[in-house]
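> With our numbering applied, the sequence shown corresponds to residues 327 to 589, in that order. Heads up, the beta-carbon is just placed ideally off N, CA and C, and yes, glycines get one too.
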Amino acid sequence: MTTATTGTTTTTLRGRLTALGRAEVTLLARNRTAVFVALLMPAAMVLAMKSTLKQAVLDGTGLTVAGTALTGGIGIVLVQAVYMNLVSAYVARREDLVLKRLRTGEVTDREILVGTALPSAALALAQAVVIVVAGTAFFGLAAPERPELLLAGLLLGVVLLTALAAATSAVTRTVQTSQLTTLPLFFISMMGSGLFVPLEAMPDRIASVCELLPVTGVMTLVRTGWLGVAEGSDLLVAALTGLAWTAFAVFAVQRWFRWEPRR
Numbered sequence: 327m328t329t330a331t332t333g334t335t336t337t338t339l340r341g342r343l344t345a346l347g348r349a350e351v352t353l354l355a356r357n358r359t360a361v362f363v364a365l366l367m368p369a370a371m372v373l374a375m376k377s378t379l380k381q382a383v384l385d386g387t388g389l390t391v392a393g394t395a396l397t398g399g400i401g402i403v404l405v406q407a408v409y410m411n412l413v414s415a416y417v418a419r420r421e422d423l424v425l426k427r428l429r430t431g432e433v434t435d436r437e438i439l440v441g442t443a444l445p446s447a448a449l450a451l452a453q454a455v456v457i458v459v460a461g462t463a464f465f466g467l468a469a470p471e472r473p474e475l476l477l478a479g480l481l482l483g484v485v486l487l488t489a490l491a492a493a494t495s496a497v498t499r500t501v502q503t504s505q506l507t508t509l510p511l512f513f514i515s516m517m518g519s520g521l522f523v524p525l526e527a528m529p530d531r532i533a534s535v536c537e538l539l540p541v542t543g544v545m546t547l548v549r550t551g552w553l554g555v556a557e558g559s560d561l562l563v564a565a566l567t568g569l570a571w572t573a574f575a576v577f578a579v580q581r582w583f584r585w586e587p588r589r
C-alpha cells in the first residue's frame, strides 16, 4: 500500500480514497435529482420494459421476458448510476474548483477520479445485487449460472462507464448540459447494446454492428453470467470489445480531461 507524507501527517492510499468517497457521498446525498435517477429510474424502466416486451420477439433466443428485462435493468443501473451521474459530478466539481483544489494536495489525479466515482460504483453494484436477488425470489429466474462472468461484466461496466463519464465531462460545460451530452450513449446503449432488445433478437447484420458498441460487451457478459446464453467465442469478442473501449476512454481522459473551468 502506498503512503504519502506531508509534514507530520502520513496518509495511505486507502485513507485518501475513503476521504474522497465520504465527501462525495455527502454531496450526492444533497442532490435529490441524482439520488432519484440513480435509485428509482432503473426500477421504473425495468417494469416498463417487462410490460412492453413480448415473448414473441424473444422466440428462438432462449430468453424470457423476465430475464431480458432484469438483465437489461442491470445495464440501465450501470449507465444511469455510474455514467450519467458521474458526468454531472465531474463537471460540478470542476466548475466549483473542487478538482483544482484537490490537485494542490497529496492526492494524485487518478485518486481524485477514482475517489469521486466510488459512491456511484458502490451504488450501482448494490442495485445489481438487489436486481439479481429480486429476479430469483420474485420473477422465477434461476440463480446466476456463471457468477464469475456476471461479476466480471459488472466490474468491466463500472470501469468503462467511469472512464467514459470522465471523458464526456471534457465536452460538457455545465451540470445542466450534462443531461444532453449523456443522451447519445444512453439511447445507443438502450437500443443497440441489448438493454432493451437483446442482440439475439436482432437481424444478423444489425447485431454484428451493435456488437461493437461500448456497452454491448458488458451486457453480453452480464446476461451470460446470469442466464447462460452466449458461447465462448461471443464471450471473447464481448470481453475484447469492452476492454478496447475502456482503453480508448482512458486515453481520452488522459488527453482531454479538464481540471479547471473554461475561461
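Can the beta-carbon of Thr542 be found less than 8 Å from the beta-carbon of Ser559?
Between Thr542 and Ser559, the C-beta gap is not smaller than 8 Å, which leaves the two residues out of contact.
> Could you name each continuous alpha helix (DSSP H) segment of 4 residues or more that falls completely within the stretch 462 to 495, going from the start of the chain to the end?
Entirely contained in the stretch 462 to 495, the alpha helix (DSSP H) runs reaching 4 residues are, in chain order, 473 to 495.
> Residue ranges of each alpha helix (DSSP H) run of no fewer than 4 residues wholly in the stretch 396 to 434, ordered along the chain?
411 to 421, 424 to 429
> Just confirm the distance between the C-beta atoms of Pro540 and Trp571, as a whole number of angstroms; I'd bet it's less than 8 Å.
Contact between Pro540 and Trp571 holds, since their C-beta atoms are separated by about 4 Å, short of 8 Å.
> Is the beta carbon of Leu467 closer than 8 Å to that of Leu373?
no
> Measuring alpha carbon to alpha carbon, tell me which residue in Ala450, Leu511, Val458, Ala443 is nearest Thr488.
Ala443
> In three-state terms, what does DSSP make of Gln502?
coil
> If I measure Cβ to Cβ from Thr550 and keep anything under 7 Å in the same chain, skipping five residues before and after, which residues do I get?
Arg472, Leu475, Ala556, Leu561
> In angstroms with no decimal places, state the Cα-to-Cα distance between Ala575 and Phe583.
If I take the Cα positions, the gap works out to 11 Å.
> Does the stretch 343 to 351 come close enough to the stretch 444 to 460 that 3 or more CB-CB pairs lie under 8 Å?
Between the stretch 444 to 460 and the stretch 343 to 351 there are three or more C-beta pairs closer than 8 Å, enough to call the two in contact.
> Which same chain residues, not among the five before or five after Thr328, have their C-beta less than 6 Å away from its C-beta?
Low confidence applies here, because Thr328 scores a pLDDT of 48, under 50, leaving its location unreliable; read the following figure in that light. If we look at Thr328 and ignore the five residues flanking it on each side, its Cβ neighbours are Leu339.
> What do you get for Val485, buried or exposed, if any count of 16 or more other CB atoms within 10 angstroms of its CB means buried?
buried
> With a 10 Å radius around its C-beta and 16 neighbouring C-beta atoms as the bar for buried, classify Leu404 as buried or exposed.
Around the beta carbon of Leu404, 16 or more other beta carbons lie within 10 angstroms, which makes this residue buried.
> Answer with buried or exposed for Gly333, where buried requires no fewer than 16 other C-beta atoms within 10 angstroms of its C-beta.
In this prediction, Gly333 scores a pLDDT of 39, lower than 50, which makes its location untrustworthy; the coordinate-derived value is nonetheless stated afterwards. By the neighbour-count rule (16 or more Cβ atoms within 10 Å), Gly333 is not buried but exposed.
> Since Val563 and Thr494 are thought to touch, with beta carbons under 8 Å apart, how far apart are those beta carbons, to the nearest angstrom?
Actually they are not in contact, since the Cβ atoms of Val563 and Thr494 sit about 25 Å apart, beyond 8 Å.
> Measure the C-alpha to C-alpha separation of Leu428 and Asp422 and round it to an integer number of angstroms.
11 Å
> Quick one: Cα of Gly479 to Cα of Asp530, how far?
23 Å
> Looking at the secondary structure, which residues open and close the alpha helix (DSSP H) in which Phe513 lies?
Residues 509 to 518.
> Which residues in the same chain as Arg419 place their Cβ atom closer than 7 Å to its Cβ, once the five residues preceding and following it in sequence are excluded?
Residues Leu425, Thr442 of the same chain have their beta carbon placed closer than 7 Å to that of Arg419, with the five preceding and five following residues left out of the count.
> On the criterion of 16 or more Cβ atoms from any shown chain inside 10 Å, does Gly341 qualify as buried, or is it exposed?
exposed
> Of the choices Gly398, Val440, Ala370, whose alpha-carbon is the least far from that of Val579?
Val440
> Just mark Phe522 as buried or exposed, buried being the case when its beta carbon has 16 or more other beta carbons within 10 Å.
buried
> Who are the Cβ neighbours of Ile400 in its own chain at under 7 Å, not counting the five residues just before and after it?
Ala454, Ile457, Val548
> Are the beta-carbon atoms of Ala527 and Phe465 separated by less than 8 Å?
no
> Can you give the Cα-Cα distance for Arg499 and Leu525, rounded to whole angstroms?
34 Å
> With a 10 Å radius around its C-beta and 16 neighbouring C-beta atoms as the bar for buried, classify Gln406 as buried or exposed.
buried
> Run the CB neighbour count on Arg588, radius 10 Å, all protein chains shown included, and call it buried at 16 or more, exposed below.
exposed
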